[in-house]
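These protein sequence lines are chains P and U, in that order. Quick note: the first sequence, position 41, residue 61 per the working numbering, numbers continuous. Quick note: the second sequence, position 2, residue 22 per the working numbering, numbers continuous. Scroll down for the structure; my scribbles are underneath it.
Protein chains: 2
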Amino acid sequence: MSEQQQEQRPDLPLDVFAAFCPSREVFAELADKWSLLILASLHRLGEQRFSELQRSVSGVSRKMLTQSVRTLERDGLVLRTVHPEVPPRVVYGLLPLGRGLAERVVTIGDWVEANSPAVIAARAGFDEGRGTACEVA
Amino acid sequence: MSEQQQEQRPDLPLDVFAAFCPSREVFAELADKWSLLILASLHRLGEQRFSELQRSVSGVSRKMLTQSVRTLERDGLVLRTVHPEVPPRVVYGLLPLGRGLAERVVTIGDWVEANSPAVIAARAGFDEGRGTACEVA
DNA sequence: CTGCATCCTAGTCGATACTG
DNA sequence: CAGTATCGACTAGGATGCAG
């Protein structure tokens with residue numbers, strides 16, 4: 021396995037399907053449930069404090085939230101604002117760059133909410149066709 | 021339609037942000053890079069054989085491809101067609117349900133390809149502002 | 001060609017405790 | 001309140017090898 025592929029020429033279009041394209045790395049980093057849910061939550065509810073975010077994205081641990089939000093901040097998608105008060109107040113909000121992505125992520129969330137009954141039904145049918153088919157035939 | 025596995029009352033909308041909600045499980049299952057890339061690839065290139073898919077989604081191992089594609093099939097998003105020939109020929113294609121999702125996933129991929137330069141630039145700036153104070157290499 | 005089974009490492013993730 | 005640090009369980013996921 022080679023280790024260096026950073027050599028990206030400007031004339032080559034970025035391609036998420038290419039394993040060694042920088043855009044693939046960006047895609048892979050964003051394509052996890054916590055990052056996507058955080059983006060969607062910030063888009064839906066607007067600026068939120070750390071604890072608010074942890075509540076709105078139900079189930080996320082502090083560690084994962086910290087880590088994901090850090091990555092998003094580093095990538096220029098999210099703005100982290102620290103208010104020098106006591107107790108400390110830290111607010112996270114979408115930057116323009118992040119908003120563009122978040123809008124698209126939200127459509128995925130909407131799709132899932134609208135179609136998960138169909139997905140679950142399909143699953144049931146799939147599993148059923150497996151377990152009993154052997155018996156019947 | 022047969023009864024649902026999960027008791028879903030109409031007055032309780034599915035919510036991907038809720039840790040306990042069935043739709044969250046569906047969301048979490050789809051929110052990984054291989055599933056998303058496979059959906060996007062099937063949308064972009066149409067029906068593909070196993071090996072074609074492995075080539076178009078560069079970097080995926082046979083194991084992960086098999087596993088992801090199977091999950092997508094189970095969820096009713098992808099149709100797996102086995103042609104009884106020798107050597108065997110298996111073709112994967114999007115079902116209507118999957119196409120709806122894939123269309124939205126593609127917009128994420130497009131966004132990443134269009135904006136990863138900005139993301140990478142933001143990263144550089146972020147990292148610079150952190151550690152570079154002591155190292156100007 | 002497709003895909004399953006096995007092994008095995010390395011990273012993920014949660015829980016807990018601690019700091020500023 | 002908002003993190004950081006550490007540990008440990010877990011599993012994602014790659015590398016074979018084999019079978020249909």
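From the three backbone atoms N, C-alpha and C, an ideal C-beta is built for every residue, glycine too. Fair warning: this is a prediction, and the values are worked out from it, not measured in the lab.
Simplified DSSP assignment, three categories, for L59 (chain U): Counting from 1 along the second sequence, the entry for residue 59 (chain U) is found at position 39. Correct three-state label for L59 (chain U): helix.
Which partner residues does L114 (chain P) have in the DSSP bridge list? For this step, residue 114 (chain P) is matched to residue 94 along the first sequence. Residue pairing by DSSP puts L114 (chain P) in a beta bridge opposite P:V98.
Is the beta carbon of L92 (chain U) less than 9 Å from the beta carbon of G129 (chain U)? Counting from 1 along the second sequence, the entry for residue 92 (chain U) is found at position 72. Counting from 1 along the second sequence, the entry for residue 129 (chain U) is found at position 109. Result no, Cβ atoms of L92 (chain U) and G129 (chain U) do not sit closer than 9 Å.
Would a C-beta distance cut-off of 9 Å place V36 (chain P) and E133 (chain U) closer than the cut-off? Against the first sequence, residue 36 (chain P) aligns to sequence position 16. Against the second sequence, residue 133 (chain U) aligns to sequence position 113. For V36 (chain P) and E133 (chain U), yes; Cβs fall inside 9 Å.
So R94 (chain P) contacts chain U; which residues on that side make the cut at Cβ distance below 8 Å? Locating residue 94 (chain P) in the first sequence gives position 74, where the first residue counts as 1. The contacting residues are A142, R143, F146, D147.
Over the uninterrupted alpha helix (DSSP H) stretch that includes V46 (chain P), give me the two end residues. If you number the first sequence from 1, residue 46 (chain P) lands on position 26. In the DSSP assignment, V46 (chain P) falls within the unbroken alpha helix (DSSP H) covering 42 to 50.
Decide if S61 (chain U) is buried, meaning its Cβ has at least 16 other Cβ atoms within 10 Å, or exposed. In the second sequence, counting from the first residue as 1, residue 61 (chain U) sits at position 41. Result: buried.
Please tell me whether V46 (chain U) has its Cβ less than 9 Å away from any Cβ of chain P. Taking the second sequence and counting its residues from 1, one reaches residue 46 (chain U) at position 26. Cβ-Cβ to chain P under 9 Å: yes for V46 (chain U).
By Cβ distance, which residues of its chain are closer than 7 Å to C154 (chain P), with the 5 residues on each side in sequence left out? In the first sequence, the residue the question calls residue 154 (chain P) occupies position 134. Any reading at C154 (chain P) must be qualified, since the residue scores a pLDDT of 43, below 50, and its modelled position is unreliable; the value itself is stated next. Cβ neighbours of C154 (chain P) beyond the five flanking positions: none.
Would you mind reading off the limits of the alpha helix (DSSP H) that contains S81 (chain U)? Counting from one through the second sequence, the residue named residue 81 (chain U) turns up at place 61. Looking at the DSSP string, S81 (chain U) is not in any alpha helix (DSSP H), and its letter there is neither H nor E.
When the cut-off is 9 Å and only beta carbons count, does L32 (chain P) lie next to chain U? Here residue 32 (chain P) corresponds to residue number 12 of the first sequence, with the count starting at 1. No, because no Cβ of chain U sits closer than 9 Å to the Cβ of L32 (chain P).
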